[in-house]
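S.K.: Sequence order for the protein chains is A and B. At position 23 of the first sequence (counting the first as 1) the number is 23 in UniProt numbering, and the numbers step up by one without a gap. At position 454 of the second sequence (counting the first as 1) the number is 454 in UniProt numbering, and the numbers step up by one without a gap. We put the CB at the ideal spot given by N, CA and C, even for glycine. Okay, here's the structure, questions in a sec.
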Amino acid sequence: MNRLYDMEPRVMDDEMLKLAVGQQGPREEAGQLAKQEGIPFKDVLSLQLDFQNILRIDNLWQFESLRKLQLDNNIIEKIEGLENLTHLVWLDLSFNNIEAIEGLDTLVNLEDLSLFNNRISKIDSLDALGKLQVLSLGNNHIGNMMNIIYLRRFKALRTLSLSGNPVAENEDYKMFICAYLPDLVYLDFRRLDDHMKELAEMKHQYSIDELKHRENLMQAQLEDEQARREELEEHKAAFVEQLNGTFLFDSMYAEDMEGSKLSNLPGVGELLETYPSGRPPPRQPTPQAVHPPRQLQPSLTASFTYKDKFVIICLNIFEYGLKQQEKRKAELETFMECVQEAIQENQEQGKLKIAKFEEKHLLSLNAIREESELSNIETKIVEHSEDITALLNVLMTLEMQLVEQLEETINMFERNIIDLVGLFVENVQSLYPFLEDPLGRHSCLARPWLNSGCTMAQCRDLENHHHEKLLEIAINILEKMVKGEMDEDLPDDLRSLFIDKDTIVNAVGASHDIHLLKIDNREDELVTRVNSWCTHLLDKIHKDEIMRNRKRVKEINQYIDHVQSELDSLEYGDLLD
Amino acid sequence: MEVLKEKVEEEEAAEREEAAERAERGEKTKKPTEVRREETTLTQEMLRDLERKLSEIEVSVPEKLLTFTKDTIDTSKLPLSYQSNTLKEEHLLQVADNFSCQYSHLCPDRVPLFLHPLNECEVPKFVSTTIRPTLMPYPELYNWDTCAQFVSDFLSMVPLPDPLKPPLYLYSSTTVLKYQKGNCFDFSTLLCSMLIGAGYDAYCVNGYGSQDLCLMDLTREVCPLTLKPKETVKEEEKAPPKKYAIKPPRDLTSRFEQQQEVKRQEAIKAEEENRRKQEEARLLEQENAKTDPLHGLRVHSWVLVLSGKREVPESFFIDPFTAHSYSTQDDHFLGIESLWNHKNYWVNMQDCWNCCKELVFDLGDPARWEYLLLGTDKPFLSLTEEEDEGMNDDDDVEKLGKEDEDKSLDMPPSWVEQIEISPEAFETRCPNGKKVIQYKRAKLEKWAPYLNNNGLVCRLTTYEDLECTKTLEVKEWYQNREDMLELKHINKITGLNVDYFKPGHPQALRMHSYKSMQPEMDRVMEFYETARVDGLIKREETPKTMTEYYQGRPDFLSYRHVNFGPRMKKLALNSAESNPRPMVKITERFFRNPAKPADEDVAERVFLIAEERIQLRYHCRSDHITANKREFLRRMEVDSKGNKIIMTSDMCISFEVEPMEHTKKLLYQYEAMMKLKNEEKLSRHQAWESELEVLEILKLREEEEEAHTLTISIYDTKRNEKSKEYREAMERVLHEEHLRQVEAQLDYLAPFLAQLPPGEKLTRWQAVRLKDECLNDFKQRLIDKANLIQARFEKETQELQKKQQWYQENQVTLTPEDEDLYLSYCSQAMFRIRILEQRLSRHKELAPLKYLALEEKLYKDPRLVELLKVFV
């Protein structure tokens, strides 16, 4: 292993790389051409740098499209400097002095990795290599069997070599690998037969089952989380995230010290549905699985507490938001579809025109080439350049027509989407009562006991109402206390609020203010976000259209130039003749 | 000689006379019999005269009918039900006669009813009992159309003896099937039997038809095979314009001008239409020129299928001759006298002044349809029934009596034997497996499969004119061909032949259209592309070009067009290889390869071989309207210093929609060109191989046409020689095996039974004696056997003793050889003795067992078991 220590380590400099690229590049005639032009590093697909006494991997950042890299038989001690080689499929680092696997996190396309004859003692940091098929880790220092379980995550892994490791001396080594890596085909350059696999599976069945169970659980958990995240994402896109539960209500009380104290007052708890006294509220909708309000019994109408009402309003807003989101999405989809169709149709027309022209073009070029009389040539050339101009005009007309059509459509869409967003915002803010919204009307009709819609204003009303009641209770208690009729024991911190009327009114008022602020904040957030989404969308549509137009005009001009130049070169050639 | 001839003639005359008489008699049973016996006393001249007349008569009545009479039918072998009537049938006939009398009394101006014609045994049988509902075992015969087609194919048509009257004879369907001949009544009876068996609500109809219908004259019909299936014009439903659909650009053309133009076009069209119509009318007139003097009087029989059963939505007629179905309003059907099924008989009481167009087929309505029997399960309209019940109370008594009578008289079961069609007959279909139908401007010939040794089953010849002299085209259908040829279409005018193949041709051929089998001519070949490795769909050839269409290839090639130049004259004819034409230009087109970006995916490449140029056109990117183009000039040039120029920038002219960096490099261009050079070679090779393939296919086709072998299914046990041989061999083996087994089972009682008088029943005493004898005999045998073994044993021992004695006496003088001999003898003798000993002991052991076994067997013997039971 220290065979190369006596030699001077070399640096991977430009010279070395150039030399290697030149030597491994094209041969013979192509080689001459390559020499003439030089080969840019970023076009090189395969590079071989073995027996170069390299100590440190460096200067490889230019080889962006490299597929195969051989760095075997050097004295490399650390895997580094490979971050840019994202297209790498084959990496050979065998016969080096590497001690840990690292620095491979960007090589997602890697299929074949060889780390044979190094000093690695642990298999890890390979998580990114999802396509790994061949892994060679022979002659290393891997001693722990558990390293093999790590390899279970590589679903495409078919070939593994681990011989020459301390692990391989274990008598159960082969069985263990067979059992834990059932998809493996070759181990240590030998094919694994089915019989062996069966035996191994039998032997390690229990532990594998357990492992599988754990893996499944993990997988399920991951999926669950993913689903939850997606759902939240969806809600966010509808701008009504976390309105499908008590989140807003909870947040109202989260920073409200006085409020939580006051809730301990007799009578307030009932008002608040004994919240937040620490006992689990009996009819609390779970935050994820939303109880649709219609599941609540109408007979309970009378006993609806402040919290219940509040949550129901939130839920209504949430549902409404989702519906509106659907609407906006559908609107956007139809718009995009129509625009795509229009563009496609226009392109087809353009293509047709060009194809027709091309035929004619070829014919007339040939005709000019074969024509011998100068005057005829000239007339033909003139005719042809007229044709070219005509084509240009036709294509440009088509494009301008499309631009006009699209502009009109985009404007229409703009108007509609702004209307939609406006409606949504208004309904949520409840500047107007529900008139044109079917959902709102529906909810009012379907739940008559709930003479409330789903607006922030109603939240506010509810809060005001609650505030008044709270105030009333507080003042009553104060009066009682003043009269000394208060027989119940109040907690000390609460009692400290009932010193005089101002204090208690202030406390209740502060709590109220905080609540209102929370509601306002949520509302503001919703409105600003939906508006910004709208403006962004429209901006993008306009920009895209402008980009498309520019590109098309450029394309047409380029094509016309090309055709014209063909004609010109012909002219020139003819004149020379 | 003269006398002899006369005699022969006389005999012939007598024969004919008889035949005619029979026909005559058949015809006029109701009329007072005409005395013809006198004729025997007539002079020779008169006789000859008569003979001439009779022969004339014979000509007028088709001979077929005469041959198809009792003479040819062996009535003696027919079952009893054919030859006589049961009591119930007699009763029914009486009822029918009564009904007929009443009918003729009530409707004196109507023709007598067709109620009980004679069958082949001269026995009157009621028509309903002639219908024998039968469900055929062939799944093809489950639906009415195939059923009718079968009947029309299977029987050959014989016109009615008198076209104005129903026949006097109505044979059973079995007889009709046997002789494969019949008139319209036979046809419809058979078809009706099959349809009712298959569950249809079908009726035989006795009525009047047009001449074409009665004489099965299809020459005015257009052959259904020549009709092109009407292309259903699918109105593509235009999706409602979407909300954001762009508005079309403003139309700036003059609307007035358009209108004028449309008007003008319409006028022209109308004129053309007019002319065409006139032409048609003229033609029609021409065709219908000869009208039938007997129109409306010709008797015909067909089948009516009523709606309701078997999901028949609407009632319709089936003409059994042609198997065509007609609506009940059709012009061909001019009137209905009566109709019947296997249960009842109805007389039409409706007026047929307007053909059958206004008939109502509600058989439950007694005002329209007079029934013969008060049917039990006829679909009476419940409404009328109720009305009847409620309305006339005074009729009740009468009705009751009638009902009683009728109830006792439901339709007797059919006298006809089970209708059976053998699989061979079913396959052969037409009489002698051949049938010819003449249509308007077309002739259709049908053959049974395997009848023609080239597999021809159907030929349709279309003519240009009505007289069928100028052939337009011939279509020939084949079956069971080894080369999978299905249809051959020959257009006589253009000389174009088109062959269609079923899947399975060795070269996956689907269609081959050609004018001549010579190579390098105009031809089109289509292939089953999934069966071919190269995915070829179609190859078109003209003398100068070859075009191939591909699909589903891994290299996405979709089209290759090769232009050939004139063949170069070979300087020396030394090589035996063919001289392929030089290729001038190869054009190849490719489908879009989704793995590559569009502007690197070649859409079309043209190898201009003569000019050494290669043109490439790339696919168009989805957001572009122009595509990349590249042209390589392959000319190798030498620069001023004599060095070869490998690549210069003017050897590759390219147009790129979005200019790319790396394609500017000479190296890239050089590599691309080298690759293309290789590919050009490959393409040329492939084109050359295609040419070879064409030759090969043509050769193969010629061979196939020559050989025209037919395939035989392995399930076809009759035709499959191999399996037949195998089966026969198996049968032989089985038979032999059986024989051996019979031999093995020897009858142990036989010698004792033989002593007794044959044919008599055994008495108990005899049986006991028989048993005892048998057992005694067996015991004796066993004892004999034991004695025999014992005797041999003793003999051996004696001999051995003798030998031993001899040895002891002569021991001294013996030579070593003799001694050896003696010793070997001794050992052999000892062996034999031992064996005999063993056999003896074994015999002693087994003998009682054997004896007991025989006794047991005898007790169980079927011949003795009854008599010996007591003793057991």
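Here's the rule I'm using: 16 or more other beta-carbon atoms within 10 Å means buried, otherwise exposed. How should Gly308 of chain B be labelled?
M.R.: Indexing the second sequence from 1 puts residue 308 of chain B at position 308. Flag for Gly308 of chain B reads exposed.
S.K.: Please tell me whether Leu69 of chain A and Thr86 of chain A are closer than 8 Å, where the distance is taken between their beta carbons.
M.R.: Counting from 1 along the first sequence, the entry for residue 69 of chain A is found at position 69. Counting from 1 along the first sequence, the entry for residue 86 of chain A is found at position 86. Their beta carbons are not under 8 Å apart, which means Leu69 of chain A does not touch Thr86 of chain A by this criterion.
S.K.: Work out the CA separation of Tyr186 of chain A and Gly143 of chain A for me, nearest whole Å.
M.R.: Translated into the one-based positions of the first sequence, residue 143 of chain A becomes position 143. Translated into the one-based positions of the first sequence, residue 186 of chain A becomes position 186. Rounded to the nearest angstrom, the two C-alpha atoms are 21 Å apart.
S.K.: Please report the residue range of the alpha helix (DSSP H) in which Ala786 of chain B lies.
M.R.: The residue given as residue 786 of chain B occupies position 786 in the second sequence. From DSSP, the alpha helix (DSSP H) with Ala786 of chain B extends over 764 to 810.
S.K.: Put Lys357 of chain B into one of helix, strand or coil per three-state DSSP.
M.R.: Indexing the second sequence from 1 puts residue 357 of chain B at position 357. Note: Lys357 of chain B maps to coil in three-state DSSP.
S.K.: So, are the CB atoms of Asn53 of chain A and Glu8 of chain A less than 8 Å apart?
M.R.: As a first step, residue 53 of chain A is located in the first sequence; it is residue number 53 there, counting from the start. As a first step, residue 8 of chain A is located in the first sequence; it is residue number 8 there, counting from the start. Cβ atoms of Asn53 of chain A and Glu8 of chain A: closer than 8 Å.
S.K.: Could you tell me whether any Cβ in chain B is nearer than 8 Å to the Cβ of Cys178 of chain A?
M.R.: Stepping through the first sequence from its first residue, residue 178 of chain A is reached at position 178. So, not an interface residue.
S.K.: In whole angstroms, give me the CA-to-CA distance for Leu849 of chain B and Gln780 of chain B.
M.R.: For this step, residue 849 of chain B is matched to residue 849 along the second sequence. For this step, residue 780 of chain B is matched to residue 780 along the second sequence. One C-alpha to the other measures close to 15 Å.
S.K.: Output yes if chain B places a C-beta closer than 8 Å to the C-beta of Asp568 of chain A; else output no.
M.R.: Here residue 568 of chain A refers to the residue found at position 568 when the first sequence is read from its first residue. No, because no Cβ of chain B sits closer than 8 Å to the Cβ of Asp568 of chain A.
S.K.: Please return the same chain residues whose Cβ sits closer than 6 Å to the Cβ of residue 580 of chain A, not counting the five positions on each side in sequence.
M.R.: As shown, chain A starts at 1 and ends at 577. That puts residue 580 of chain A outside it, with no answer to give.
S.K.: What does a CB cutoff of less than 6 Å around Phe41 of chain A pick up in its chain, not counting 5 residues either side in sequence?
M.R.: Position 41 of the first sequence, counted from the first residue, corresponds to residue 41 of chain A. Gln62, Phe63.
S.K.: Does DSSP classify Tyr500 of chain B as helix, strand or coil?
M.R.: Along the second sequence, read from residue 1 onward, the residue named residue 500 of chain B stands at position 500. Strand.
S.K.: Taking Cβ-Cβ distances shorter than 7 Å, what residues in chain A pair up with Glu671 of chain B?
M.R.: For the purposes of this step, residue 671 of chain B is taken as residue 671 along the second sequence, with counting starting at 1. What Glu671 of chain B touches in chain A: Ala30.
S.K.: Starting from Phe655 of chain B, find everything on chain E with Cβ-Cβ shorter than 7 Å and list it in chain order.
M.R.: Annotation note: the requested chain E is absent from the structure, which comprises protein chains A and B.
S.K.: Classify Lys261 of chain A as buried or exposed, calling it buried when 16 or more other Cβ atoms lie within 10 Å of its own Cβ.
M.R.: The residue labelled residue 261 of chain A in the question sits at position 261 within the first sequence. Looking at its Cβ environment, which holds 16 or more other Cβ atoms inside 10 Å, Lys261 of chain A is buried.
S.K.: What would DSSP say about Arg415 of chain A, mapped onto helix, strand or coil?
M.R.: On the first sequence, position 415 is the one that residue 415 of chain A refers to. Arg415 of chain A: helix per DSSP, three-state reduction.
S.K.: Residues of the stretch 346 to 363 of chain A in Cβ contact with chain B at a cutoff of 7 Å, in chain order, please.
M.R.: Gln347, Gly350, Lys351, Ile354
S.K.: In whole angstroms, what separates the C-alpha of Phe116 of chain A from that of Leu199 of chain A?
M.R.: As a position in the first sequence, residue 116 of chain A is number 116, starting the count at 1. As a position in the first sequence, residue 199 of chain A is number 199, starting the count at 1. One alpha carbon belongs to Phe116 of chain A, the other to Leu199 of chain A, and they sit about 29 Å apart.
S.K.: Can you give me the C-alpha to C-alpha distance between Cys356 of chain B and Phe333 of chain B, rounded to a whole angstrom?
M.R.: For the purposes of this step, residue 356 of chain B is identified with residue 356 of the second sequence, where counting begins at 1. For the purposes of this step, residue 333 of chain B is identified with residue 333 of the second sequence, where counting begins at 1. So the alpha carbons of these two residues sit roughly 6 Å apart.
S.K.: Once the 5 residues before and after Gln349 of chain A are set aside, which same chain residues still bring their CB inside 8 Å of it?
M.R.: Here residue 349 of chain A is taken as the residue at index 349 of the first sequence, counted from 1. Within the same chain, Gln349 of chain A has close Cβ partners Leu398.
S.K.: Under 7 Å between beta-carbons, which chain B residues line up against Asp43 of chain A? List them in chain order, please.
M.R.: Taking the first residue of the first sequence as position 1, residue 43 of chain A is located at position 43. Those are His662, listed as they occur along chain B.
S.K.: Under three-state DSSP, which class holds Tyr171 of chain B?
M.R.: Locating residue 171 of chain B in the second sequence gives position 171, counting from the first residue. Correct three-state label for Tyr171 of chain B: coil.
S.K.: The alpha helix (DSSP H) spanning Tyr103 of chain B covers which residue range?
M.R.: Here residue 103 of chain B refers to the residue found at position 103 when the second sequence is read from its first residue. Tyr103 of chain B -> alpha helix (DSSP H) spans 87 to 106.
S.K.: Under 9 Å between beta-carbons, which chain A residues line up against Thr626 of chain B? List them in chain order, please.
M.R.: As a first step, residue 626 of chain B is located in the second sequence; it is residue number 626 there, counting from the start. Within 9 Å Cβ-Cβ: Gly350, Lys351, Ile354, Glu555, Ile556, Gln558, Tyr559, His562.
S.K.: Along chain A, which residues have their Cβ under 8 Å away from the Cβ of Lys665 of chain B?
M.R.: In the second sequence, residue 665 of chain B corresponds to position 665, counting from 1. Residues of chain A passing the Cβ test: Glu37.
S.K.: Should Ile120 of chain A and Leu137 of chain A be called a contact, given that it needs their Cβ atoms to be closer than 8 Å?
M.R.: For this step, residue 120 of chain A is matched to residue 120 along the first sequence. For this step, residue 137 of chain A is matched to residue 137 along the first sequence. The answer is yes: Cβ separation under 8 Å.
S.K.: Rounded to whole angstroms, what is the Cα-Cα separation between Leu78 of chain B and Thr174 of chain B?
M.R.: Taking the second sequence and counting its residues from 1, one reaches residue 78 of chain B at position 78. Taking the second sequence and counting its residues from 1, one reaches residue 174 of chain B at position 174. One C-alpha to the other measures close to 10 Å.
S.K.: Please report the Cβ distance between Ile101 of chain A and Leu126 of chain A, rounded to the nearest whole angstrom; I am assuming they are in contact, meaning their Cβ atoms lie under 8 Å.
M.R.: Position 101 of the first sequence, counting from 1, holds the residue named residue 101 of chain A. Position 126 of the first sequence, counting from 1, holds the residue named residue 126 of chain A. Confirmed, about 6 Å.
S.K.: Relative to the C-alpha of Phe249 of chain A, which candidate in A:Glu345, A:Glu331, A:Ser569, A:Cys314 has its C-alpha closest?
M.R.: Start at 1 with the first residue of the first sequence, and residue 249 of chain A comes out as number 249. Residue A:Cys314 is the option with its Cα nearest to Phe249 of chain A.
S.K.: In its own chain, which residues sit with a C-beta less than 7 Å from the C-beta of Ser300 of chain B, not counting the 5 before and 5 after it?
M.R.: Here residue 300 of chain B corresponds to residue number 300 of the second sequence, with the count starting at 1. A quick correction: the sequence has His, not Ser, at residue 300 of chain B. Once the five neighbours on either side are set aside, the close Cβ partners of His300 of chain B are Cys184, Gly207, Tyr208, Gly209, Leu213, Cys214.
S.K.: Apart from the five residues just before and just after Arg455 of chain B, which ones in its own chain have a Cβ nearer than 7 Å to its Cβ?
M.R.: Locating residue 455 of chain B in the second sequence gives position 455, counting from the first residue. According to the sequence shown, residue 455 of chain B is Gly rather than Arg. Result list for Gly455 of chain B: Tyr478, Gln479, Asn480, Arg481, His708, Leu710, in chain order.
S.K.: What would DSSP say about Met157 of chain B, mapped onto helix, strand or coil?
M.R.: In the second sequence, the residue the question calls residue 157 of chain B occupies position 157. Met157 of chain B: strand per DSSP, three-state reduction.
S.K.: At the level of alpha carbons, what is the spacing between Arg539 of chain B and Tyr550 of chain B?
M.R.: The sequence position of residue 539 of chain B within the second sequence is 539, counting from 1. The sequence position of residue 550 of chain B within the second sequence is 550, counting from 1. Just so you know, the alpha carbons of Arg539 of chain B and Tyr550 of chain B end up roughly 9 Å apart.
S.K.: Between Pro281 of chain A and chain B, is the shortest Cβ-Cβ distance under 8 Å, so that the two count as touching?
M.R.: Reading the first sequence from its first residue, position 281 is the one you call residue 281 of chain A. Unreliable placement is indicated for Pro281 of chain A, whose pLDDT of 39 sits below 50; the coordinate value is still reported in the next sentence. No - not a single Cβ of chain B is within 8 Å of the one on Pro281 of chain A.
S.K.: Can a CB atom of chain B be found closer than 8 Å to the CB of Glu436 of chain A?
M.R.: The residue given as residue 436 of chain A occupies position 436 in the first sequence. Reliability of the predicted coordinates at Glu436 of chain A is poor, the pLDDT of 39 falling under 50, and the value obtained from them is presented with this limitation in mind. Taking Cβ atoms only, chain B never reaches closer than 8 Å to Glu436 of chain A, which makes this a no.
S.K.: What in chain B is Cβ-close to Phe413 of chain A, meaning under 8 Å?
M.R.: As a working mapping, residue 413 of chain A is identified with position 413 in the first sequence. Chain B residues near Phe413 of chain A: Tyr244.
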